[in-house]
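Residue numbers 81 to 449, in the working numbering, belong to the letters of the sequence shown in order. Please read the structure below before turning to the comments.
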Amino acid sequence: MIYRDYGKTGKKVSILGFGSMRFKNIDKTDECVEMMLEAARGGVNYYDTAPGYFGTKSEAVFGEAFTEFKRKNIPFYCATKTHKSDEKSIRKEIETQLRRLNIDAVDFYHIWCITALKDWHKRKEKGVLKAFGKLKDEALIGHICVSSHLIGDQIKDLLMEGVFEGVLFGYSAYNFNIRQAAFQAITAHNLGCVVMNPLGGGIIPENPGIFDFIKTKFDETIVEAALRFIYSHKEITAALVGFGNKNEVQEALKAVESYHEMPAKEIERIKSRLSDSFQDLCTGCQYCDNCSEGIPIPKLMDAYNHRRLYGTDQAMLERLNWHWGVPALEAEKCIECGQCEQECTQHLPIMERLKEIAAIGRKSKGKNR
81 MIYRDYGKTG KKVSILGFGS MRFKNIDKTD ECVEMMLEAA RGGVNYYDTA
131 PGYFGTKSEA VFGEAFTEFK RKNIPFYCAT KTHKSDEKSI RKEIETQLRR
181 LNIDAVDFYH IWCITALKDW HKRKEKGVLK AFGKLKDEAL IGHICVSSHL
231 IGDQIKDLLM EGVFEGVLFG YSAYNFNIRQ AAFQAITAHN LGCVVMNPLG
281 GGIIPENPGI FDFIKTKFDE TIVEAALRFI YSHKEITAAL VGFGNKNEVQ
331 EALKAVESYH EMPAKEIERI KSRLSDSFQD LCTGCQYCDN CSEGIPIPKL
381 MDAYNHRRLY GTDQAMLERL NWHWGVPALE AEKCIECGQC EQECTQHLPI
431 MERLKEIAAI GRKSKGKNR
């Protein structure tokens, strides 16, 4: 395993981080714990979770795994998050999290999911920074971090606070363009830099033919190539990969074992090959999955990805029909309340896409009469 400095904290973390929002069988605790043990055996020491992943089940799984880690004297760092803003709510949440995680302190505690500067200013007004400062003084957290989905250079406003020691943000071989300004701002402050969705939320491994151009060696897998692209950015501390099963853990570990730095000219070649259609694909975070009308928005957005990737309406309709079993006309239920777009971590025009999906569904239905 390769370890890098987490900013100026003095801690070294594995370049492969374990993400917890994509477990395939979250209710099979032993299976999930074994996945974490497999990662630990490969040298992974950075484990990231949140109270909203599978409800609280993800943190509960981590608690079981951390019990095993301590029993076996396996070193680890825990990263988790809170969406709370006022001191009373934050304290109540972290006390519950510590019990659930079976640890005395959270190593890297994140102000969770900043998607807009307006949201950030509201949290500041409620005292989020003061609350985090107290938690650190009391040694309940080790380092104050932030999880950001801001685009462009908006993240500069957060970093000017001068309190953050690390940032979690999205960056991959398919969306680097819209995240580049944020990446540069983070590295300029010499902060811990952990990237989420390095595999595009599964988009890259699910479409190996489309993303084949990121490979630089004949015998490497698409996962190895995508992670190698990330690891070759030396300013990145770790790539946070969400694992569904043990095989995926092993594949990611293999990518580290076979890693050698990608030459700068290869990185530029890959970036030059990326088309505009890759820049705004949904990564499947499912934060929008709370529609008041019951619209399965994540599934519809996943299918819309196929339209963008393969260039045909039929690709989208087949994905909806054969993979999800969801009719395109589900999109007609949209009342344009805008809640989904407020929750979207990528600032995607979801309502506009729902209109397109509905129109394609109506057209398709008309042809089949």
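Where a beta carbon is used, it is the ideal one built from N, C-alpha and C, also for glycine.
**CA-to-CA distance, E436 to F188, given in whole angstroms** = In the sequence shown, the residue the question calls residue 188 occupies position 108. In the sequence shown, the residue the question calls residue 436 occupies position 356. In a straight line, the C-alpha of F188 is about 41 Å away from that of E436.
**G280 versus C273 - alpha carbon distance** = Sequence index remark: in the sequence shown, residue 280 carries index 200 (1-based). Sequence index remark: in the sequence shown, residue 273 carries index 193 (1-based). Their backbone Cα atoms lie some 17 Å apart in a straight line.
**Asked** By Cβ distance, which residues of its chain are closer than 8 Å to F212, with the 5 residues on each side in sequence left out?
**Response** Counting from 1 along the sequence shown, the entry for residue 212 is found at position 132. Once the five neighbours on either side are set aside, the close Cβ partners of F212 are I170, Y189, I191, I221, I224 and V243.
**Asked** Any idea what DSSP makes of S100, helix, strand or coil?
**Response** By one-based count along the sequence shown, residue 100 stands at place 20. Of the three classes helix, strand and coil, the one that applies to S100 here is coil, per DSSP.
**Item:** For V124, three-class secondary structure by DSSP
**Value:** Translated into the one-based positions of the sequence shown, residue 124 becomes position 44. Coil.
**Asked** For I375, does the count of other Cβ atoms within 10 angstroms reach 16, so buried, or fall short, so exposed?
**Response** As a working mapping, residue 375 is identified with position 295 in the sequence shown. Buried, since its Cβ has 16 or more Cβ neighbours within 10 Å.
**Request:** Express the C-alpha separation of D382 and T392 in angstroms, rounding to a whole number.
**Result:** Mapped onto the sequence shown, residue 392 falls at position 312. Mapped onto the sequence shown, residue 382 falls at position 302. About 14 Å.
**Item:** Member of V321, S444 and Q177 whose CA lies at the smallest distance from the CA of A119
**Value:** On the sequence shown, residue 119 is found 39 positions in, with the first residue counted as 1. Closest by alpha carbon: V321.
**Message:** In this structure, how does DSSP classify V186 when only helix, strand and coil are distinguished?
**Reply:** Numbered from its first residue, the sequence shown carries residue 186 at position 106. Reduced to three states, the DSSP call for V186 is strand.
**Prompt:** Between P155 and N125, which are expected to be in contact by the criterion C-beta below 8 Å, what is the C-beta distance as a whole number of angstroms?
**Reply:** In the sequence shown, counting from the first residue as 1, residue 155 sits at position 75. In the sequence shown, counting from the first residue as 1, residue 125 sits at position 45. With a Cβ gap of about 6 Å, P155 and N125 count as contacting.
**Asked** Which residues mark the beginning and the end of the beta strand (DSSP E) in which H223 is found?
**Response** Translated into the one-based positions of the sequence shown, residue 223 becomes position 143. First-last of the beta strand (DSSP E) with H223: I221 to S228.
**Asked** Of all the beta strand (DSSP E) runs that stay within the bounds of the stretch 155-215, which reach a length of 3 or more residues?
**Response** 157-162 and 186-194
**Request:** State the DSSP-derived secondary structure class of Y254, mapped to helix, strand or coil.
**Result:** As a working note, residue 254 is residue 174 in the sequence shown. Here Y254 sits in coil by DSSP.
**Asked** How would you call A253, buried or exposed, if buried means at least 16 neighbouring beta carbons within 10 angstroms?
**Response** The sequence position of residue 253 within the sequence shown is 173, counting from 1. Burial is judged here by how many other beta carbons sit within 10 angstroms of a residue's own beta carbon; A253 has at least 16 and is buried.
**Asked** Excluding the five sequence neighbours on either side, which residues of its own chain have a C-beta within less than 8 Å of the C-beta of I430, listed in chain order?
**Response** Numbered from its first residue, the sequence shown carries residue 430 at position 350. Cβ neighbours of I430 beyond the five flanking positions: C368, I377, M381, C420, E421 and C424.
**Prompt:** For V141 versus T109, is the C-beta distance shorter than 7 Å?
**Reply:** Counted from its first residue, the sequence shown places residue 141 at position 61. Counted from its first residue, the sequence shown places residue 109 at position 29. Yes, Cβ-Cβ distance for V141 and T109 is below 7 Å.
**Request:** Within the stretch 332-419, note down every full alpha helix (DSSP H) run reaching 4 residues or more, in order along the chain.
**Result:** 344-353, 377-390 and 393-398
**Prompt:** Are the beta-carbon atoms of L389 and G122 separated by less than 7 Å?
**Reply:** Within the sequence shown, the letter at position 309 stands for residue 389. Within the sequence shown, the letter at position 42 stands for residue 122. Result no, Cβ atoms of L389 and G122 do not sit closer than 7 Å.
**Request:** Count the C-beta pairs between the stretch 437-446 and the stretch 395-405 that are closer than 8 Å, then say yes if the count reaches three, no if not.
**Result:** yes
**Asked** Span of the beta strand (DSSP E) holding D85?
**Response** As a working note, residue 85 is residue 5 in the sequence shown. Taken as a continuous stretch (DSSP letters only), the beta strand (DSSP E) holding D85 covers Y83 to D85.
**Asked** Is it buried or exposed for R449, if we count other Cβ within 10 angstroms and need 16 for buried?
**Response** As a position in the sequence shown, residue 449 is number 369, starting the count at 1. With a pLDDT of 49 at R449, under the threshold of 50, the modelled position of this residue cannot be trusted; read the value that follows with caution. So R449 counts as exposed.
**Request:** Would you give the residue range spanned by the beta strand (DSSP E) that K92 belongs to?
**Result:** Here the question's residue 92 lines up with position 12 in the sequence shown. Run containing K92: K92 to S94, per the beta strand (DSSP E) assignment.
**Asked** Are three or more beta carbon pairs between the stretch 131-149 and the stretch 200-212 nearer than 8 Å?
**Response** At 8 Å Cβ cutoff, the stretches do not touch.
**Message:** For the beta strand (DSSP E) containing L320, name the first residue and the last one.
**Reply:** Counted from its first residue, the sequence shown places residue 320 at position 240. Counting along the chain, the beta strand (DSSP E) containing L320 begins and ends at A318 to G322.
**Prompt:** Using the beta-carbon count (16 or more within 10 Å), is T195 buried or exposed?
**Reply:** Counting from one through the sequence shown, the residue named residue 195 turns up at place 115. It is buried - the Cβ of T195 has at least 16 other Cβ atoms within 10 Å.
**Message:** Helix, strand or coil, according to DSSP, for L248 in the structure here?
**Reply:** Translated into the one-based positions of the sequence shown, residue 248 becomes position 168. Reduced to three states, the DSSP call for L248 is strand.
**Request:** Throw me the rounded Cβ distance for the Y133 and Y157 pair, which I believe falls under 8 Å.
**Result:** For the purposes of this step, residue 133 is identified with residue 53 of the sequence shown, where counting begins at 1. For the purposes of this step, residue 157 is identified with residue 77 of the sequence shown, where counting begins at 1. Going by Cβ atoms, the distance from Y133 to Y157 rounds to 17 Å, so no, they are not a contact pair.
**Prompt:** For the beta strand (DSSP E) that V275 lies in, which residues bound it at each end?
**Reply:** What you label residue 275 is simply residue 195 of the sequence shown in a count that begins at 1. Looking at the DSSP string, the run of the beta strand (DSSP E) that includes V275 is G272 to M276.
**Three-state secondary structure assigned by DSSP to R449** = For the purposes of this step, residue 449 is identified with residue 369 of the sequence shown, where counting begins at 1. Because R449 sits at a pLDDT of 49, beneath the cut-off of 50, its placement in the model cannot be relied upon, and the following sentence gives the value as read from the coordinates. R449: coil per DSSP, three-state reduction.
**Message:** Once DSSP output is grouped into helix, strand and coil, what is the label at R433?
**Reply:** Stepping through the sequence shown from its first residue, residue 433 is reached at position 353. Residue state, collapsed to three classes: helix.
**A305 and I294 closer than 7 Å at C-beta** = Taking the sequence shown and counting its residues from 1, one reaches residue 305 at position 225. Taking the sequence shown and counting its residues from 1, one reaches residue 294 at position 214. Against a cut-off of 7 Å, the Cβ pair of I294 and A305 comes out as a contact.
**Cα-Cα separation between W200 and E341, rounded to whole angstroms** = Within the sequence shown, numbered from 1, the residue matching residue 200 stands at position 120. Within the sequence shown, numbered from 1, the residue matching residue 341 stands at position 261. So the two alpha carbons sit approximately 36 Å from each other.
**Prompt:** Just reading off the alpha helix (DSSP H) that E304 is part of, what are its end residues?
**Reply:** Here residue 304 corresponds to residue number 224 of the sequence shown, with the count starting at 1. E304 -> alpha helix (DSSP H) spans I302 to Y311.
**Asked** In three-state terms, what does DSSP make of C424?
**Response** In the sequence shown, counting from the first residue as 1, residue 424 sits at position 344. Coil.
**Request:** My understanding is that F309 touches V275, with C-beta atoms under 8 Å, so please give their C-beta distance in whole angstroms.
**Result:** Your numbering for residue 309 matches position 229 in the sequence shown. Your numbering for residue 275 matches position 195 in the sequence shown. Not a contact, Cβ separation roughly 11 Å.
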